[in-house]
Every structure is written in C-alpha cells, then in structure tokens.
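The structure under discussion appears below in the form of structure tokens.
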Amino acid sequence: MPTALGSLRRLVLTPSLASVSFAGRRFPITATPATRRLEAIPQSVICGFEWGIDSRTLWEVERRLELVEPEMRGFAYEGATMAFTVRDTMRGHRTRDLMLGSGQPHIFLTYIGIGFAMARLPRPLWRKVLPDLGDAPFHPTMSWLAVDGYGFDRAYFDTKRWVERQARPKPYPWEGHPGYFNRAVDQGIGRALWFIHGGRPSAVADAVDRFAADRRPDLWAGVGLACCFAGGAGADELAALRERADEHRHELALGAVFAAKGRDWSGFVPGHTEVAVKALTGLSVFEAVEIADATEVERVGTGPEPQYELWRERIRARLRARDGAAAR
Numbered sequence: 002m003p004t005a006l007g008s009l010r011r012l013v014l015t016p017s018l019a020s021v022s023f024a025g026r027r028f029p030i031t032a033t034p035a036t037r038r039l040e041a042i043p044q045s046v047i048c049g050f051e052w053g054i055d056s057r058t059l060w061e062v063e064r065r066l067e068l069v070e071p072e073m074r075g076f077a078y079e080g081a082t083m084a085f086t087v088r089d090t091m092r093g094h095r096t097r098d099l100m101l102g103s104g105q106p107h108i109f110l111t112y113i114g115i116g117f118a119m120a121r122l123p124r125p126l127w128r129k130v131l132p133d134l135g136d137a138p139f140h141p142t143m144s145w146l147a148v149d150g151y152g153f154d155r156a157y158f159d160t161k162r163w164v165e166r167q168a169r170p171k172p173y174p175w176e177g178h179p180g181y182f183n184r185a186v187d188q189g190i191g192r193a194l195w196f197i198h199g200g201r202p203s204a205v206a207d208a209v210d211r212f213a214a215d216r217r218p219d220l221w222a223g224v225g226l227a228c229c230f231a232g233g234a235g236a237d238e239l240a241a242l243r244e245r246a247d248e249h250r251h252e253l254a255l256g257a258v259f260a261a262k263g264r265d266w267s268g269f270v271p272g273h274t275e276v277a278v279k280a281l282t283g284l285s286v287f288e289a290v291e292i293a294d295a296t297e298v299e300r301v302g303t304g305p306e307p308q309y310e311l312w313r314e315r316i317r318a319r320l321r322a323r324d325g326a327a328a329r
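Those letters in the sequence shown? Residues 2 to 329, by the numbering used here.
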C-alpha cells in the first residue's frame, strides 16, 4: 500500500506514459503495430518506477512485477530498480534486496535501471548507487550496463544534445576504469538509436554513420543488443542491417550474443529474439548463449581493461573465428 510520502514522490518524479512515448519524445517515427509494441518497453519501465517509488514494501513491488507479461517483465524491473536506487541514496538497501531476490533473472536489466537513476542523480551520489551483491552471478562484471543505461537515458531524453550534437560526458571512474566510461555510454546511445528511430534499420544505420568513426563500434554493439532484446524488425530488415554494419558486423553480433544471454538468463526468450539473433549472427539463441558461457571471464581483474570488455573481446574473437572458418 502506498504511503503519503510515496505518493508525493511518485507525483514529483514519475514521467507520464505519454511523455516517454515516441510521439511524446517527437521521434521521427510513423506509428505502426511494431512501433507501438516497441514503445511499450519504456512505458513498462515507467510502470515499474511508479511501483518502486511509491510502495511501502518490497513484497508489494515484487508482486506487481510478477503480474507483468514475461516479455515485458524485465523492463518493469528496470524501472523498479531505478526507483529503489534513487531511494537508497538517502537510506536503505532495496536495490540490493531486489537484485538478490526476484530480480536475479533480470540482472542485466536491473543494472540498466541503476543507470537510469544515475541520469537523475548528482555525480557525488553515484558512489552510492551500485549495491554490494557479493558473489552474485555477473557482479560486478556486468555492472557496466549501468553506465550503458545512463547513456541510453541521456540519448532518449535529451536527443538533441547526445545524438544530434553528439556530446560526450566527462569520464567517471566506474569500477576504477574512467577511460572506458565513454565507451559504455556509447553502447547505451547505440541502444537508444534503435528506439529513437522506431526499429527502422536503415534510419538507425544512418544515425550511427553520422557519429565520429571512433564511436561507431560501440554504437553498433548497442544497436545489436537493442534489436535482439527489444524486437521491432523482421529477418530481412535485420539482414540488411548486418550488411550496413559492414566492418562493424562483429560488434553488431556481439550485442546480439549479449541479448541472447540476457533473455535466456531471464527464463523467457521471445520469438523475435530468436529471429534477430539468427539474422545478425547466423546462430541460434542456444548457440549464442554457448559462446557467451564459454568466454565468460573472472568476476574481478586488475588489468588495464575492465573484465566486461575482456568478455566482449573474447566473444568478438569467437565470432571472427567462426566467420573465418565458414569462409574457408
């Protein structure tokens, strides 16, 4: 049951569903059944945020989240994690409890929810946003998805600055690697481009091409993650997208592999993910997950690159080797 303070937080902090719709954001999109399904994703995030910012108990939030259809449930968990992160900067450990509890299957998306909160919090509070998850799977390796989420949020809600003017944020020493911060942000911006252009591959590819060349590999990886996780395009369109990626096709496929891993880990793989992963990698979801599992790195490292990027590079190497073998 909501509290009076919770209701006030919801009224002050929660965007309306209309404001996150594609029309509300004034994205260059013609409404279709596919785009309406795609924009249901940010709207699901808002529903999760409302529940998380307003509710008195974790049980109540978890119960509401379980009522969301399986395909959209992880996105609602993103929103709840975003709300809990905002609340925990003042006091509490709701984020930790959610991520170690019912949020475990959606851990890839809950990290992104932390990033959404970061976009609304002053930087001095960022040191408080990542909970200690102990030996939980993928922690802290995949916590870079929080930075990805921050990049997505900035591009989605301030498109002129982050997409049209191609702004770059000041680096931040996330997990001790400030030099990697902007690369993870670009992965999130790449994901946002898929939504900003309504899942239209040609428009997305044109948008990537307008960025500086050094940013395109990470942008393409974000595009691959978004189109395979969220859907919105058919096999033929995605095959054309792979052609447009050209020299960056392995980055696009890398994003697809992580999408396959995230969907599989959640326990629900929608049909559009199967289609998209096949179109971008030539692999089934099962085969893509096998690659992700076979290349997984140790949770903590001390090298110049974060463990997250080491995992990404191992996946890229497998994809290149597979393409090379097929060409011989």
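Glycine included, every Cβ here is placed at the ideal spot set by N, Cα and C. Here the structure is a predicted model, which is why all the values come from computation and not from measurement.
Rounded to whole angstroms, the separation of the alpha carbons of N183 and P271 is 31 Å. Within the same chain, R192 and W195 come within 6 Å of A227 by CB-CB distance, once the 5 residues on both sides are set aside. Residue burial annotation: R313 is buried, with at least 16 other C-beta atoms found within 10 angstroms of its C-beta.
Taken in chain order, the complete alpha helix (DSSP H) segments of 4 residues or longer contained in the segment 144-228 are 145-158, 182-197 and 202-210. About 13 Å separates the beta carbons of F85 and L110, which is beyond the 8 Å limit, so they are not a contact pair.
Here H273 carries a helix assignment [DSSP, helix/strand/coil].
The three-state secondary structure of V21, taken from DSSP, is helix. Under the three-state reduction of DSSP, A84 is assigned to helix. With a threshold of 16 other beta carbon atoms within 10 Å, W52 meets it and is buried. G256 is positioned such that its CB atom lies closer than 8 Å to that of G225. If you draw a straight line from the Cα of E306 to the Cα of Y181, it comes to about 8 Å. Closest in C-alpha terms to G199, from the list A327, T33, L239 and R74, comes T33. A residue is called buried once 16 or more other Cβ atoms fall within 10 Å of its Cβ, and S45 is buried on that count. Here the alpha carbons of W60 and D324 stand approximately 47 Å from one another.
Secondary structure at R92: coil, using DSSP grouped into helix, strand and coil. Straight-line spacing of the CA atoms in V276 and G304 works out to 37 Å. In its chain, beyond the 5 residues on either side, V270 and T274 have a beta carbon closer than 6 Å to the beta carbon of R264. A residue is called buried when at least 16 other Cβ atoms come within 10 angstroms of its Cβ; A260 meets this threshold and is buried. A residue is called buried when at least 16 other Cβ atoms come within 10 angstroms of its Cβ; T142 meets this threshold and is buried.
Taking a C-beta distance under 8 Å as the contact criterion, L122 and V87 qualify as a contact pair.
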